[in-house]
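**Student:** Protein sequences appear in the order of chains A and B.
Numbering-wise, my numbering puts 129 at position 5 of the first sequence, and it's gapless, one number per residue.
Numbering-wise, my numbering puts 86 at position 59 of the second sequence, and it's gapless, one number per residue.
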Amino acid sequence: GENVEQHPSTLSVQEGDSAVIKCTYSDSASNYFPWYKQELGKGPQLIIDIRSNVGEKKDQRIAVTLNKTAKHFSLHITETQPEDSAVYFCAASTPRDDKIIFGKGTRLHILP
Amino acid sequence: DTAVSQTPKYLVTQMGNDKSIKCEQNLGHDTMYWYKQDSKKFLKIMFSYNNKELIINETVPNRFSPKSPDKAHLNLHINSLELGDSAVYFCASSPTGTPSYGYTFGSGTRLTVV
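1. For L190/A, count the other beta carbons within 10 Å of its own beta carbon; 16 or more makes it buried, fewer makes it exposed. Which is it?
2. Looking only at DSSP bridge pairs, what is E180/A linked to?
3. So I48/B contacts chain A; which residues on that side make the cut at Cβ distance below 8 Å?
4. Hey, does Y76/B have any beta-carbon neighbour from chain A nearer than 8 Å?
5. Just how far apart, CA to CA, sit S107/B and L54/B?
6. Of all Cβ atoms in chain B, is any one closer than 8 Å to the Cβ of L190/A?
7. From the DSSP output, read off the bridge partner residues of I72/B.
8. Thinking C-beta only, is N177/A closer than 8 Å to S150/A?
9. Whose C-beta lies closer than 6 Å to the C-beta of R137/B among residues of the same chain, with five residues either side of it excluded?
10. Would you mind sorting D183/A into buried or exposed? The rule is 16 or more other CB atoms within 10 Å of its CB.
11. Identify the contact partners of F197/A in chain E, using a Cβ-Cβ distance below 7 Å as the criterion.
12. Any Cβ of chain B within less than 8 Å of the Cβ of P158/A?
13. Could one say the Cβ of S120/B lies closer than 8 Å to chain A's Cβ atoms, at least one of them?
14. Would you call Q41/B buried or exposed, if buried means 16 or more other Cβ atoms sit within 10 Å of its Cβ?
15. Chain B partners of K228/A, CB-CB under 9 Å?
16. Near Y128/B, which residues of its chain fall below 7 Å by C-beta distance, leaving aside the five closest residues on each side in sequence?
17. Step through the CB atoms of chain A and report whether any lies within less than 8 Å of the CB of Y37/B.
18. Which whole-angstrom value is the C-beta distance of R185/A and E203/A, which I expect to be below 8 Å?
19. Apart from the five residues just before and just after K71/B, which ones in its own chain have a Cβ nearer than 6 Å to its Cβ?
20. Does the beta carbon of Q169/A sit closer than 8 Å to a beta carbon anywhere in chain B?
21. Just to confirm, does V144/A get its C-beta within under 7 Å of one of the non-hydrogen atoms of the ligand COA?
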C-alpha cells in the first residue's frame, strides 16, 4: 500500500522567513495530495491540495509543488507569521483507495 | 454552524470500562471516517462508512465497533478499554467515497485510560 514520508519532523523559522516541508510517496498511482494544518487542541484542517495533472498550485502565501517522476511534493510557506505555528501533515491517495494516507507530521515553530 | 461535531471532547476512564464517542456531520457528506492520533501525532485510519455501509475496517481490535445509524452519524464504541487505547480520536467526513475532495475533521476526543 501507499507509504508517505515527511521531513523534517520539527522546523523552526524566524518570523518573515520561508518554510519548506517535503514529502515522498511510494505508489506511482497516487493522484491526490492534500496538506492539512493542525493547531493545538483542534482537528486537522485542509489548507491546500494538488492533483497529479498539475505541477504547482499557489494560494496567497502557501504553495505546493509536485514532482511525479521523483514522487515527491512540497509545501512552501512564505512570509511566515506567528499564526502559522502548527503541525502540518502531507497526505496522498490513489484512485482505487477510499482513504488518505498521512505523513507523520511536521511541527512548525515561528520564532519572534 | 456547518461542521463535524464530536462528543465528548475529553474522556477519562478506567481500564476495563466500555465507552462510546459520538460524531455528527451536517455537511451532507456521504462518507465518514474514524482516525486515531497517537502521542506522536501520527494519524491512522480505523474505519470508514459510505452512506451507512462499512467500507474500510483496518486492523483494529474487535473491541472497537463503529455504528452508523444514518449517513450523518458515525459512533465509535470501545469495549474493555486498555491503557494503549489512550489517544485522540478524530471523526471526519468527505463528500463522496473518493477522498480527493478533502476531509473535514471534527475537533477530536481525547481518551485517557487510567
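Quick reminder that beta carbons are idealized off the backbone N, C-alpha and C, glycines included.
Note that the structure is predicted; figures quoted are calculated from it, not measured.
**Tutor:** Looking at the atomic coordinates:
1. buried
2. T189/A
3. Result: empty, since nearest Cβ-Cβ is about 13 Å, beyond 8 Å.
4. no
5. 33 Å
6. no
7. Y62/B
8. no
9. Y37, V115
10. exposed
11. The question asks about chain E, but that chain is absent: this structure's protein chains are A and B.
12. yes
13. no
14. exposed
15. K67, K68, F69, L70
16. S121, P122
17. no
18. 6 Å
19. K63
20. yes
21. This structure simply doesn't include the ligand COA, nor any ligand for that matter.
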